[in-house]
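S.K.: In the working numbering, the protein residues as written are 1 to 115. Note that beta-carbon positions come from the ideal geometry of N, C-alpha and C, so glycine has one too.
(1) Under DSSP, the alpha helix (DSSP H) around residue 35 begins and ends at which residues?
(2) For the alpha helix (DSSP H) holding residue 98, just list the boundary residues, first then last.
(3) Are the region 93 to 104 and the region 33 to 49 touching by the rule of at least three beta carbon pairs closer than 8 Å?
(4) By DSSP's criteria, residue 5 is part of a beta bridge. Which residues make up the other side?
(5) Please classify residue 27 as buried or exposed, where buried requires at least 16 other C-beta atoms within 10 Å of its C-beta.
The following block contains the structure:
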């Protein structure tokens, strides 16, 4: 079975879109970074290193220090799919991140986003 295209896509190529989506809605790049670090356990310098090295999504999540234990509390729909029902663990992590960025862009308070 072939991997989904997003798994081999560079995280660095998608990251600017996360930032752009948030900034367009009046949020800050730092908030995007906070969300990514909260979800993955990366420190800011480690996140920047992953971006600089242009690792793919699979590597990005495989090298993540620790998925936040509260990630399972992330619920809702992204691209017509319920994130809590995604079966592939890697795809679910990607959808978790998408959902958190969506919540940020919709103006949700950081305290609520970070559960």
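M.R.: With the given structure in hand:
(1) Counting along the chain, residue 35 sits inside the alpha helix (DSSP H) bounded by residues 29 to 40.
(2) 89 to 105
(3) yes
(4) Per DSSP, none; premise fails for residue 5.
(5) buried
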